[in-house]
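Going left to right, the sequence shown walks through residues 728 to 834 as our numbering numbers them.
The structure under discussion appears below in the form of structure tokens.
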Amino acid sequence: MDNMKIENKMEVILDKRKKINLNDDYGIQKSWNEIIEVLTENEENTIRYLENCSKEDLYWISEVFEDIAEIIQSKELINCLRRLDKKFPELEMTNDIDIAASYTENP
Numbered sequence: 728m729d730n731m732k733i734e735n736k737m738e739v740i741l742d743k744r745k746k747i748n749l750n751d752d753y754g755i756q757k758s759w760n761e762i763i764e765v766l767t768e769n770e771e772n773t774i775r776y777l778e779n780c781s782k783e784d785l786y787w788i789s790e791v792f793e794d795i796a797e798i799i800q801s802k803e804l805i806n807c808l809r810r811l812d813k814k815f816p817e818l819e820m821t822n823d824i825d826i827a828a829s830y831t832e833n834p
């Protein structure tokens, strides 16, 4: 899947995710599963996509960093997330990334 497809798919998924009611656990879980499915298809494309992500989109995706990291099992992905954390410190993703990193260190 090329990057354009990831971007298009993610745009649709994140658009839906942003509209889901905070109390709709099923809807949120379903949305997370869709994000995870798209972002675990191809590590290289995922990293490229994340590096070009908007701050807002990254905020929503950060909810599932651990799941993505656990499936992809990649140091490169974690390094990418750390770079994004430095780029957008206000998103406060450090803790999520630390947890994600722990999944790749202890498979």
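All C-beta atoms in this analysis are idealised placements derived from N, C-alpha and C, irrespective of residue type, glycine included.
Could you tell me the distance, in whole angstroms, from the CA atom of ILE774 to the CA atom of ILE795?
-> Your numbering for residue 774 matches position 47 in the sequence shown. Your numbering for residue 795 matches position 68 in the sequence shown. If you take the alpha carbons of ILE774 and ILE795, they lie about 11 Å apart.
Can you name the start and end residues of the alpha helix (DSSP H) that GLN756 belongs to?
-> In the sequence shown, residue 756 corresponds to position 29, counting from 1. In the DSSP assignment, GLN756 falls within the unbroken alpha helix (DSSP H) covering 752–766.
Less than 8 Å separating the beta-carbons of GLU803 and TYR830?
-> Taking the sequence shown and counting its residues from 1, the one referred to as residue 803 is at position 76. Taking the sequence shown and counting its residues from 1, the one referred to as residue 830 is at position 103. Contact flag unset, no.
Ignore the nearest five residues each way along the sequence and tell me which others in GLU761's own chain have a CB closer than 6 Å to its CB.
-> Start at 1 with the first residue of the sequence shown, and residue 761 comes out as number 34. Excluding positions up to five away in sequence, the list reads ILE740.
How is the alpha helix (DSSP H) around CYS807 delimited, first residue to last?
-> Here the question's residue 807 lines up with position 80 in the sequence shown. Taken as a continuous stretch (DSSP letters only), the alpha helix (DSSP H) holding CYS807 covers 802–814.
Proximal residues to TYR786 (C-beta, below 7 Å), its chain only, five neighbours per side dropped | Taking the first residue of the sequence shown as position 1, residue 786 is located at position 59. If we look at TYR786 and ignore the five residues flanking it on each side, its Cβ neighbours are LEU818.
Just checking my contact of ASP823 with SER789 at CB under 8 Å: how many whole Å lie between their CB atoms?
-> As a working mapping, residue 823 is identified with position 96 in the sequence shown. As a working mapping, residue 789 is identified with position 62 in the sequence shown. Their Cβ separation, rounded to whole angstroms, is 5 Å, which keeps ASP823 and SER789 in contact under 8 Å.
Starting from ILE824, follow the alpha helix (DSSP H) in both directions and report where the run begins and ends.
-> Position 97 of the sequence shown holds residue 824. Note, ILE824: alpha helix (DSSP H), 821–832.
Apply the 10 Å Cβ neighbour rule to ASP742 and answer buried if 16 or more other Cβ atoms are within range, or exposed otherwise.
-> The sequence position of residue 742 within the sequence shown is 15, counting from 1. Exposed is the call here.
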